[in-house]
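A.B. asks:
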Amino acid sequence: MATGQLSALFTDFYSLTMAQGYWKQSHSHKAVNSRRAVFEMFFRRQPFGGGYAVFAGLGTLLDRLTDFCFAADDIAFLHSLGIFEDGFLDYLKTFRFSGSLWAIDEGTTVFPREPLIRIEGNLIECQIVEGMLLNIINFQSLIATKTRRVWLASGKGSVMEFGMRRAQGLDGAMSASRAAYIGGASGTSNTLAGKIFGIPVLGTMAHSWVMSFSDEGEAFTAYADLYPDRTIFLIDTYDTLKSGIGNAIKVGKKLKERGMNFGVRLDSGDIQYLSTEVRKLLDNAGLANAMITVSNELNESIIETLVNSGAPVNSWGVGTHMVTGGEDSAFTGVYKMAACEDADGRMIPVMKFSDNPEKTTNPGIKQVWRLKDSNGAALADVQALDSLTPDGRETETFVPGSRYRFWHPSADYRHFFHTIEAPPQPLLQQRLADGKPCMPQPSLSEIRTCSVSDFDTFDSTYKRLLNPHIYKVSVTEKLRDLKLGLIKNNLGDL
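Numbering (our numbering) for the sequence shown: -11 to 482.
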C-alpha cells in the first residue's frame, strides 16, 4: 500500500532527456510510442558478503506505477528549464505507465545476475520509470536481506525493528519498516508503519520515563499499573545489577501475584555478562517466566556471538544496523535493456558490452527457472529465453528426467550438467498488463510467511555469515549461444 501519490518527476533527469528524444523520433514518423522495448532489473553482487538476498519492494513499486503521473506543477517546472518542447510536455500531461511488468514473488530468496523484474512497454515509459524502480527495490531488498541475516543469527527468534530515529528520512523509515518485516522482524517501533502496513507495533519505555520519577521503583510501579499485561522494565538507567534488576523484581513479583508476566530490557553494557546475571537473579526470585530483551547497536555478528555463547536473551531490539544496511550502504541493482523493436517491428535481443565481464549483460527476454531436487531443495537458478513473437511467447522448457548442460552467465567455460528431478519453477510472473494489475497483491503478512517458507528450501551452507557457499545462477545453451553470437558479430573485428 502506497503512502501517497508520487510525482513522475521522481526519475533521473537523463531519463526525461532521452524520453524527449524517443518522442521526437516517433513523432517524426507519425507513430508516437510505437517502438517497444524490454528492460530487466537485476543486481550484481550479494550485499554484506553473504550468500543470498531477499527481494523486497515489489508491492510498493506496483502501487507507485499505477499512480505514476505528471501533475500540472511538474509540467510547469519542466517548462521552466527551457529544454523540453511544448509537444513533448503535452504528451507528458497525459502520461501513464501502460506497459507490462513481470516480477519474482516479493520475499523470494534471490541471487546476482538473474532478472528480478522485467518491464515491457514503449521506450519512453520503460526509461522514465527506471529511477523510481531502482530506488524502491534496491533499498527495500537491502533492508530485507539485512533483517534476514539478523533474524537467522538470532536462531529465528524474536527480532524487533527499532530503527525509525536512525533511518534516512521519512520514506526511508517507512520503507525500512516494511522491508524489515518481510525479512523476519516480529514488529516495529514505527507506529505509522503499523497503521499503513499492518505490522505489529512494539515498544516499552525510554530512560526518560525512569528519570522523570524521583525513584526507579516508583517509575516501574507506575508503568506496571498502566500496562500490567505488557510490562517491560528498562533496567540500566542507573545501575543494572545494583538497582535496576532489584526494583524490577520487586514490582515483577506483584505482577506475578496478579497472574501477569513481565520482562526487562538491557540497553547498555556487556550484554552477555549482564543477561546471564539478570537471568540468575530472576530465576532465584521465582520469576523464571520473565523475559530478557536486549538492544544497543546490535548487528548479526554480535547477535550470533551472543547466541553461540549461550546468552539467555529472549528477544532482540535492532535499529541502526538494520534500517541503514550497516556496513553495506546500497544494493547493487541495475536496470538494463534486454531487447528492442527494430524498424521492421521485430523484437531484437540487445546486450551491453564491457571490458569488465561482470558488467556485460545477458541479451534477450528471459525467464528464470528454479531447479529443485525431488525433496524440494533448491539447487540452482537457470535463465532461459522467453521470446515475444507475433503469435505469443516462445519459452524454453525443461523435461523431467532429461539431462541438460547449463553455463556460467559470463559466457566462459564454466558449466555443469543436471538431470531434472522435479518440474522447474518459473519465477517471473506477470503482475501488470497494459499498466493495470493482472493478479491480486498478497498482504505483507502473507509475503513474510511465503518468504520464510522459500528461504527454508535452501541449504544452510548458503546462509553462513562467514564464507557462504555460492549458489549456482546459470544460463541455458541456447541463451549462451545467443550471447556469444552477439559478441562475435559486434566485436569480432576489433
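All C-beta atoms in this analysis are idealised placements derived from N, C-alpha and C, irrespective of residue type, glycine included. Predicted model, so just to flag it, every value in this text is computed and none were measured.
Under the rule that 16 or more other beta-carbon atoms within 10 Å means buried, what is residue 482, buried or exposed?
C.D. replies: Bear in mind that the predicted position of residue 482 carries a pLDDT of just 44, short of 50, making it unreliable; the figure below should be weighed with that in mind. Exposed: under 16 other Cβ atoms inside 10 Å.
A.B. asks: Thinking C-beta only, is residue 33 closer than 9 angstroms to residue 110?
C.D. replies: Contact flag unset, no.
A.B. asks: Does DSSP put residue 41 in a helix, in a strand, or in coil?
C.D. replies: Three-state result, residue 41: strand.
A.B. asks: Mind checking which residues open and close the alpha helix (DSSP H) that includes residue 443?
C.D. replies: 432 to 443 is the extent of the alpha helix (DSSP H) around residue 443.
A.B. asks: Kindly list the residues whose CB is nearer than 7 angstroms to the CB of residue 264, restricted to its own chain and excluding five residues on each side of it in sequence; keep chain order.
C.D. replies: Around residue 264: 299, 300.
A.B. asks: May I ask you to list the residues that DSSP assigns as paired with residue 485?
C.D. replies: Missing from the structure shown is residue 485; the chain here goes from -11 to 482 and no further.
A.B. asks: Taking the C-alpha atoms as reference points, what is the distance between residue 356 and residue 100?
C.D. replies: Each residue's Cα considered, the two are about 12 angstroms apart.
A.B. asks: Pop quiz: residue 148 and residue 174 are said to be a contact at Cβ under 8 angstroms. What is the actual Cβ separation, rounded to whole angstroms?
C.D. replies: Right, their Cβ atoms sit about 6 angstroms apart.
A.B. asks: Can you list, in chain order, the residues of its chain with a C-beta nearer than 7 angstroms to that of residue 198? Leave out the 5 residues immediately preceding and following it.
C.D. replies: The residues are 204, 207, 222, 225.
A.B. asks: Quick check for students: name the residue ranges of the beta strand (DSSP E) that lie wholly in the stretch 110 to 158, counting only runs of 3 or more.
C.D. replies: Segments of the beta strand (DSSP E) lying fully in the stretch 110 to 158: 146 to 149.
A.B. asks: Find out if the Cβ-Cβ distance for the pair residue 138, residue 285 is shorter than 9 angstroms.
C.D. replies: Result no, Cβ atoms of residue 138 and residue 285 do not sit closer than 9 angstroms.
A.B. asks: Just list the residues that DSSP pairs residue 407 with in beta bridges.
C.D. replies: The partner list for residue 407 (beta bridge, DSSP) reads 391.
A.B. asks: Report all residues from its chain with a CB closer than 7 angstroms to the CB of residue 140; omit the five preceding and five following residues, and keep chain order.
C.D. replies: Cβ neighbours of residue 140 beyond the five flanking positions: 451.
A.B. asks: Leaving out five residues on either side along the sequence, give the residues of the same chain with a beta carbon under 6 angstroms from the beta carbon of residue 62.
C.D. replies: If we look at residue 62 and ignore the five residues flanking it on each side, its Cβ neighbours are -5, -3.
A.B. asks: Relative to the C-alpha of residue 478, which residue among 186, 337, 84 is closest?
C.D. replies: Measuring from the Cα of residue 478, the nearest candidate turns out to be 337.
A.B. asks: Going by C-alpha to C-alpha distance, which of 151, 30, 404, 438 sits closest to residue 309?
C.D. replies: The residue with the shortest Cα to Cα distance from residue 309 is 151.
A.B. asks: Which of helix, strand or coil does DSSP assign to residue 332?
C.D. replies: DSSP places residue 332 in coil when its eight states are reduced to three.
A.B. asks: Using a Cβ-Cβ cut-off of 9 angstroms, state whether residue 224 counts as contacting chain E.
C.D. replies: Looking at the structure shown, chain E is missing, and only one protein chain is on hand.
A.B. asks: Quick check: residue 27 and residue 324, are their CB atoms within less than 9 angstroms of each other?
C.D. replies: Their beta carbons are under 9 angstroms apart, which means residue 27 touches residue 324 by this criterion.
A.B. asks: Let me know the beta strand (DSSP E) ranges lying completely inside the stretch 307 to 375, each 3 residues or longer, listed in chain order.
C.D. replies: Here the runs fully enclosed are 321 to 329, 335 to 337, 354 to 360.
A.B. asks: So the alpha helix (DSSP H) residue 69 belongs to, where does it begin and stop?
C.D. replies: Residue 69 -> no alpha helix (DSSP H), and no H or E assigned at all.
A.B. asks: Taking the straight line between their C-alpha atoms, what separation do you get for residue 219 and residue 268?
C.D. replies: C-alpha separation (whole angstroms): 20 angstroms.
A.B. asks: Is residue 394 buried or exposed, if buried means 16 or more other CB atoms sit within 10 Å of its CB?
C.D. replies: Buried, because 16 or more other Cβ atoms sit within 10 Å of the Cβ of residue 394.
A.B. asks: I need the straight-line Cα distance from residue 463 to residue 362, nearest angstrom please.
C.D. replies: Their Cα atoms are separated by approximately 22 angstroms.
A.B. asks: Which value, in whole angstroms, describes the spacing of the CA atoms of residue 405 and residue 370?
C.D. replies: If you take the alpha carbons of residue 405 and residue 370, they lie about 12 angstroms apart.
A.B. asks: Just to confirm my understanding: we take residue -10, look at its own chain, exclude 5 residues before and 5 after, and list those with CB closer than 8 angstroms. What are they?
C.D. replies: Residue placement at residue -10 is poorly supported in this model, since its pLDDT is 42, which falls under 50; the coordinates still yield a value, given next. Contacts found: 48, 51, 52, 55.
A.B. asks: Are the stretch 111 to 124 and the stretch -3 to 7 touching, with three or more C-beta to C-beta distances below 8 angstroms?
C.D. replies: Yes, they touch.
A.B. asks: Please report the distance separating the alpha-carbon of residue 83 from that of residue 215.
C.D. replies: Those two C-alpha atoms are separated by around 52 angstroms.
A.B. asks: Would you grab the beta carbon distance between residue 487 and residue 279 for me? Rounded to a whole angstrom, and I think it's under 8 angstroms.
C.D. replies: This structure does not reach residue 487, given that the chain is present from -11 up to 482, and the question cannot be answered.
A.B. asks: Is the separation between the beta-carbon of residue 132 and that of residue 44 shorter than 9 angstroms?
C.D. replies: The answer is yes: Cβ separation under 9 angstroms.
A.B. asks: For residue 276 versus residue 106, is the C-beta distance shorter than 9 angstroms?
C.D. replies: No.
A.B. asks: Between the Cα of residue 11 and those of 58, 240, 42, 78, spot the shortest distance and give me the residue it belongs to.
C.D. replies: Nearest of 58, 240, 42, 78 to residue 11, Cα basis: 78.
A.B. asks: Quick one: is residue 474 buried, meaning 16 or more other Cβ sit within 10 Å of its Cβ, or exposed?
C.D. replies: That one is buried.
A.B. asks: For residue 84, which residues does DSSP report across the bridge?
C.D. replies: DSSP output for residue 84 lists no bridge partner at all.
A.B. asks: What's the C-alpha gap between residue 545 and residue 230?
C.D. replies: Any question about residue 545 goes unanswered here, given that the chain covers just -11 to 482.
A.B. asks: So for residue 279, helix, strand or coil by DSSP?
C.D. replies: Looking at residue 279 - three-state DSSP - the assignment turns out to be strand.
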